[in-house]
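S.K.: Below you will find the structure I want to go over with you.
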Amino acid sequence: MNHKYDITLNTKIAKSKPNTVTNNDTVCPFCDDTKPQIIESGLMLEDRKKMFWAKNKFPLLEDTYQTLIVETNRCGESLATYTLEYATQLFKFIFECRDKLIQTGKYKEVIFFKNHGIHSDSSISHSHSQIIGLNKLSYDYQEIEDSIEGPTVYQNEEIRVTVSKIPRAEFYEFNVTWKKEDESYQYVEWIQTLIKYLSIFKGGKFNSYNLVFHETEAENIIKVIPRKPNSVYYIGFGIRQTPNDTEQIAKEIQEFTKK
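Each residue of the sequence shown is one higher than the one before, counting from 2 in our numbering.
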């Protein structure tokens, strides 16, 4: 069996990790009134008032350096509700923090992603993203590049938005790809648009999503991945279900942007 992408989960730490997604009685660890505790415990890395960067208090994965971007100081807000200006500042902050980890030279890979909703592998409902330094692991970039090909929703000289014809996992994946030198931040507006579109996508059955960041030498890529429980075909046999309506979905998103 190929173990080159395996990572070890510390189950002892996992037992003590809070969960506000499935337990409403759990106190949110990221709201404003808990920030002094984060500072006092030495977890704070950078404070930008409403948003901040901190070490993960519950680092479940071995051979990693796990950090969080807490996106806002209040529960109930998300990328679907932020103003475009606030969302743009947030992504600037995220990439600044990621660059700082890269510049340390300590990690083989520095990954950025976001979990949102019960089916996304999220345990805290308060909006946050994760930046993780991987000490030993990397991953197959070619698979990622192959998976962004598909019907075009929008394209200009700096950016293109697609629906994956052959998704990385299964079902649907939306891709926002932009040139590294582009400073217009069009990608932020498209990410917000796609997340808002999920509220009507397939009758709202995908109420969770992941954002996953990748990059090539010339381009940046963020995948917006609607989530529901994976099928037995995928988890039991590694067989991906690839939808046959991606052209229709691309047109539906185009119509959604006109509303």
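Note that the Cβ used here is the ideal one computed from N, Cα and C, for glycine as well.
Predicted model only: the values in this text are computed from it and were never measured.
#1: Counting only beta-carbon atoms, is Pro60 nearer than 9 Å to chain B?
#2: Say yes only if the C-beta of Gln249 is nearer than 8 Å to one or more non-hydrogen atoms of the ligand NAP, and no if none qualify.
#3: Within 10 Å of its beta-carbon, does Lys260 have 16 or more other beta-carbons around it, so buried, or fewer, so exposed?
#4: Between Asn211 and His117, is the Cβ-Cβ spacing less than 9 Å?
#5: Three-state secondary structure (DSSP) at Ile145?
#6: Between which two residues does the beta strand (DSSP E) carrying Lys56 extend?
#7: Keeping to the same chain, check which residues put their C-beta closer than 7 Å to that of Tyr188; ignore five residues upstream and five downstream.
#8: Given Pro60, which residues of its chain have a CB within under 6 Å of its CB, disregarding the five upstream and five downstream residues?
#9: Got a sec? Which residues, its chain only, sit under 7 Å from Gln255 by beta carbon, not counting five neighbours each side?
#10: Classify Phe257 as helix, strand or coil using the three-state DSSP reduction.
#11: Buried or exposed: which applies to Phe238, given that a residue is buried once 16 or more other Cβ atoms fall within 10 Å of its Cβ?
#12: State buried or exposed for Thr73, treating a residue as buried only when at least 16 other CB atoms are found within 10 Å of its CB.
#13: For the alpha helix (DSSP H) containing Ser1, list its first residue and its last residue.
#14: What span of residues does the beta strand (DSSP E) with Ile119 cover, start to end?
#15: Identify the residues that DSSP records as bridge partners of Ser130: which are they?
#16: What's the C-alpha gap between Leu69 and Asp246?
#17: How far does the beta strand (DSSP E) with Ile222 in it extend, from its first residue to its last?
#18: Check each candidate in Gly77, Gly106, Glu110, Phe53 and name the one with the smallest Cα separation from Phe94.
#19: Determine the DSSP secondary structure at Val189, reduced to helix, strand or coil.
#20: How many angstroms separate the CA atom of Ile240 from the CA atom of Tyr234?
#21: With three or more C-beta pairs closer than 8 Å as the rule, is the stretch 85-102 touching the stretch 23-41?
#22: I'd like the list of long-range same chain contacts for Glu269, defined as Cβ closer than 7 Å, with 5 residues on each side in sequence excluded.
#23: Do the stretch 37-46 and the stretch 75-90 touch if we need at least three Cβ pairs shorter than 8 Å?
M.R.: Straight from the coordinates:
#1: Protein chain content of the structure displayed is limited to a single chain, and chain B is not contained in it.
#2: Absence of the ligand NAP is noted for the structure shown, with no ligands found whatsoever.
#3: Numbered from 1 along the sequence shown, position 259 holds the residue referred to as residue 260. When all chains shown are included, Lys260 counts as exposed.
#4: The sequence position of residue 211 within the sequence shown is 210, counting from 1. The sequence position of residue 117 within the sequence shown is 116, counting from 1. In terms of Cβ geometry, Asn211 and His117 form a close pair [threshold 9 Å].
#5: Within the sequence shown, residue 145 is the residue found at index 144, counting from 1. Ile145 falls in the helix class under three-state DSSP.
#6: Within the sequence shown, residue 56 is the residue found at index 55, counting from 1. Taken as a continuous stretch (DSSP letters only), the beta strand (DSSP E) holding Lys56 covers 52-56.
#7: As a working mapping, residue 188 is identified with position 187 in the sequence shown. The answer, listed in chain order, is Ile160, Val177, Trp179, Ile223.
#8: Counting from one through the sequence shown, the residue named residue 60 turns up at place 59. The residues are Gln67.
#9: As a working mapping, residue 255 is identified with position 254 in the sequence shown. Cβ within range, chain order: Val154.
#10: Numbered from 1 along the sequence shown, position 256 holds the residue referred to as residue 257. DSSP places Phe257 in the helix class (H, G or I) of the three-state scheme.
#11: Taking the sequence shown and counting its residues from 1, one reaches residue 238 at position 237. If you draw a 10 Å sphere on the C-beta of Phe238, you find fewer than 16 other C-beta atoms in it, and that means exposed.
#12: Residue 73 sits at position 72 when you count from the first residue of the sequence shown. That one is buried.
#13: Residue 1 lies beyond the range of the chain shown here (2 to 260); nothing can be said about it.
#14: The count along the sequence shown starts at 1 and reaches residue 119 at position 118. Secondary structure note for Ile119: it is in no beta strand (DSSP E), with a DSSP letter that is neither H nor E.
#15: Numbered from its first residue, the sequence shown carries residue 130 at position 129. Paired residues: Ile70.
#16: Your numbering for residue 69 matches position 68 in the sequence shown. Your numbering for residue 246 matches position 245 in the sequence shown. Spanning the two alpha carbons is a distance of roughly 36 Å.
#17: Residue 222 sits at position 221 when you count from the first residue of the sequence shown. Counting along the chain, the beta strand (DSSP E) containing Ile222 begins and ends at 220-228.
#18: If you number the sequence shown from 1, residue 94 lands on position 93. When each option's Cα is compared against that of Phe94, the closest is Phe53.
#19: Translated into positions along the sequence shown, residue 189 becomes position 188. DSSP, read as helix, strand or coil, puts Val189 in helix.
#20: Numbered from 1 along the sequence shown, position 239 holds the residue referred to as residue 240. Numbered from 1 along the sequence shown, position 233 holds the residue referred to as residue 234. Just so you know, the alpha carbons of Ile240 and Tyr234 end up roughly 5 Å apart.
#21: As far as the Cβ criterion goes, the stretch 23-41 does not touch the stretch 85-102, which means the pair count is below three.
#22: This structure cannot settle anything about residue 269, because the visible part of the chain is limited to 2 through 260.
#23: By the Cβ criterion, the stretch 37-46 is not in contact with the stretch 75-90, since fewer than three pairs of Cβ atoms, one from each stretch, lie closer than 8 Å.
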